[in-house]
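Going by UniProt numbering, the first residue of the sequence shown is number 1, and it counts up by one from there.
Take a look at the structure below.
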Amino acid sequence: MSDLLSRLSLQPVDSSDFEAMLALRIDAMRPSLERVGRFDVARSRERLSAGFVVPYMHHIVLDGDQRIGFVTLKPEDSDALRLDHLYLRTGFQGLGIGEWVLEWAKSQAREQRLDIKLTALVKSDANRFYLRHGFVLEGGEGVDLHYRWRVASEAAC
């Protein structure tokens, strides 16, 4: 697996990447959205469009040219960053890639001494992933669960 992780990189996003990223988001999110009865292509387009902030987005790339996912990490409050999107194409989940991206996000947060906030769907496999990586459930509303990783919690370890 470490061989796979050594072949990963993050690359900048361009505004012309929107349609390809939408297709990737739909591929990654469809099973979770269908479980909660919320899959809708138009809604997926709206959600990505609302969070499409190019300066804070990165493609997750394998072997320098294969785009297998993307991540958005942007400022939210004076004390936190928001992990707004972390999507991997079907077939690339469960290989340690999400953890690799999460470690990158945590390193960014550590440098800035900021927490990380994120939202996950109620019946998504992502919930176990985030809990396993030190995020704490802070609450929820509707089909969304809100998590926070505290940069200070690492200093206590």
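For every residue, glycine included, the Cβ atom is placed at its ideal position computed from N, Cα and C.
Among Thr90, Ala120, Leu95, Leu62, nearest to Arg82 - alpha-carbon criterion: Ala120
Enumerate in chain order the residues of its own chain whose CB-to-CB distance from His85 is below 8 Å, with the five nearest sequence positions on each side excluded. Arg25, Leu48, Gly51, Met57, Phe70, Val71, Thr72
Measure the alpha-carbon distance for Arg89 versus Ser78 and round it to whole angstroms. 32 Å
Can Val101 and Ile60 be called in contact, C-beta distance under 8 Å? yes
CB-CB under 6 Å to Glu138, same chain, minus the five flanking residues each way: which ones, in chain order? His146, Arg148, listed in sequence order.
I need the straight-line Cα distance from residue 161 to Leu22, nearest angstrom please. With the chain covering 1 to 157 only, the question about residue 161 has no answer from this structure.
Between which two residues does the beta strand (DSSP E) containing Gln11 stretch? Judged by DSSP secondary structure, Gln11 falls within the beta strand (DSSP E) whose first and last residues are 8-12.
Look at the Cβ atom of Tyr87, then the Cβ atom of Ala28, and state whether they are nearer than 8 Å. yes
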